[in-house]
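Worksheet for the structure shown next.
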Amino acid sequence: MQLFYREKGHPHQPPLIILHGLWGASDNWLTVAEALSGFHVILPDLRNHGQSPHHPEHTYAAMSEDIREFIRQLQLPEKPVIVGHSMGGKCLMYMLLNHPNIARKAVVIDIAPKAYGEENAHWHRNIAEFLTHFPFLPGESRGAVHHRIRAAIPDEDTCQLLFKNLRKEEKRFGWRLHAEALSQALPGVMAWNAELLPCPVQVLFIRGERSRHLTPEDQPFIRSLFPHATFTTIPNAGHRIHAEQPDNLAEILRKWAE
143 MQLFYREKGH
153 PHQPPLIILH
163 GLWGASDNWL
173 TVAEALSGFH
183 VILPDLRNHG
193 QSPHHPEHTY
203 AAMSEDIREF
213 IRQLQLPEKP
223 VIVGHSMGGK
233 CLMYMLLNHP
243 NIARKAVVID
253 IAPKAYGEEN
263 AHWHRNIAEF
273 LTHFPFLPGE
283 SRGAVHHRIR
293 AAIPDEDTCQ
303 LLFKNLRKEE
313 KRFGWRLHAE
323 ALSQALPGVM
333 AWNAELLPCP
343 VQVLFIRGER
353 SRHLTPEDQP
363 FIRSLFPHAT
373 FTTIPNAGHR
383 IHAEQPDNLA
393 EILRKWAE
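The structure is reproduced here in structure tokens:
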């Protein structure tokens, strides 16, 4: 699995890897990466997302092995700080619990090591259904595709997420991500199954003030898995902290990674 990735900074600077969330891609994090001056920021596209290869298997075990191999191939001069948001955060926690030596420090953004129920799954199922059934027409312009997506999806943030996943093919547009595989994998992505041995790595957990993905009630169980966990909240932010408060988020990441 040769993951596509972007870079900001220089290879001689301390490495910091950011793992995006479900339906996202590396380019969603460029604003944060550009604010992290002084670091070699590495932004991979996870399997079935962005410009990385497609594969029918989409599990935290598979994504974790992808990232471990990716880090080996980078031949970094030191252990990286690894950051994961949402699905990327779950992938990171899975990896840390099974391979704690992979990171110097870690940051989990607005996600907890738990299964998510109907309230969160409903939105993702709707996105998966839309992606797998949306018809692309031969010769259609990007503007026309945008118009049809907006007519079907009233939420502007969701529209922007979908627009970023458009890819121009030979005669029509298509999705960059592997919609069918992600739709099939959704129950496992929303679930949580991992080793329960405590991880010695220092992990910062960041939540958005308006988000319910990571709550104070999650902290006792998180501390049972990550005894050196630290918690902080970014005000005026929901789940998509990197889009809503990129400068505040970058400043917190910088201080933690120093």
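Position one of the sequence shown corresponds to residue 143 (the numbering used here), numbered consecutively onward. Positions of the beta carbon are idealized from the N, C-alpha and C atoms, including for glycine.
Boundaries (first-last residue) of the beta strand (DSSP E) holding residue i
i: G316; result: F315 to W317
Nonlocal neighbours in the same chain, by C-beta distance under 6 Å from residue i, ignoring five residues either side
i: V183; result: K150, G151, L158 and A175
i: Q387; result: I376 and A379
i: V223; result: L158, R246, K247 and A399
i: A263; result: M332
i: A167; result: D187, H191 and G192
i: A88; result: Past the edges of the chain, shown from 143 to 400, lies residue 88, and the structure says nothing about it.
i: I295; result: C301
i: S194; result: L145, F146 and D187
i: L239; result: A336, E337 and C341
Local Cβ density within 10 Å of residue i, reported as buried at 16 or more and exposed below that
i: D299; result: exposed
i: D389; result: exposed
i: P219; result: exposed
i: E232; result: Note on residue identity: the sequence assigns Lys, not Glu, to residue 232. Answer is buried; the Cβ neighbour count reaches 16.
i: R349; result: buried
i: G281; result: exposed
i: R135; result: With the chain represented from 143 up to 400, any question about residue 135 goes unanswered, as that position is not in the structure.
i: R354; result: exposed
Close beta carbons around residue i, own chain, < 7 Å, minus the five adjacent residues each side
i: A371; result: V345, F347, I364 and R365
i: H288; result: F305
i: K221; result: A245 and R246
i: M229; result: G163, L164 and V331
i: L279; result: R314
Identified DSSP bridge partners for residue i
i: G226; result: L161 and V250
i: R309; result: G316
i: G350; result: I376
i: R148; result: L185
i: V345; result: A248 and A371
Residue nearest to residue i in terms of C-alpha spacing, selected from the options
i: R290; options: F276, P280 and L303; result: F276
i: H154; options: N190, G180, S168 and S325; result: G180
i: L145; options: L172, E207, W171 and A177; result: E207
i: L216; options: N240, P195, W171 and P186; result: P186
i: N307; options: D297, C301 and R318; result: R318
i: T374; options: Q361, A385, R382 and L367; result: Q361
i: R214; options: N243, A203, P198 and H320; result: N243
i: D252; options: T201, E351 and L356; result: L356
i: I160; options: V250, Y202, G316 and S194; result: V250
i: F272; options: S325, Y236, L234 and P255; result: S325
i: E312; options: L395, A327, H320 and S283; result: S283
i: M237; options: K256, M205, E260 and W265; result: M205
Endpoints, alpha helix (DSSP H) assigned at residue i
i: I394; result: P388 to A399
i: E199; result: Taken as a continuous stretch (DSSP letters only), E199 belongs to no alpha helix (DSSP H), as it is neither H nor E.
i: T357; result: Counting along the chain, T357 falls outside any alpha helix (DSSP H), and DSSP gives it neither H nor E.
i: R267; result: E260 to H275
i: E176; result: L172 to A177
i: A286; result: R284 to A294
i: G330; result: A321 to M332
Any C-beta of chain C under 9 Å from that of residue i
i: S228; result: The structure shown contains no chain C; it is built from a single protein chain.
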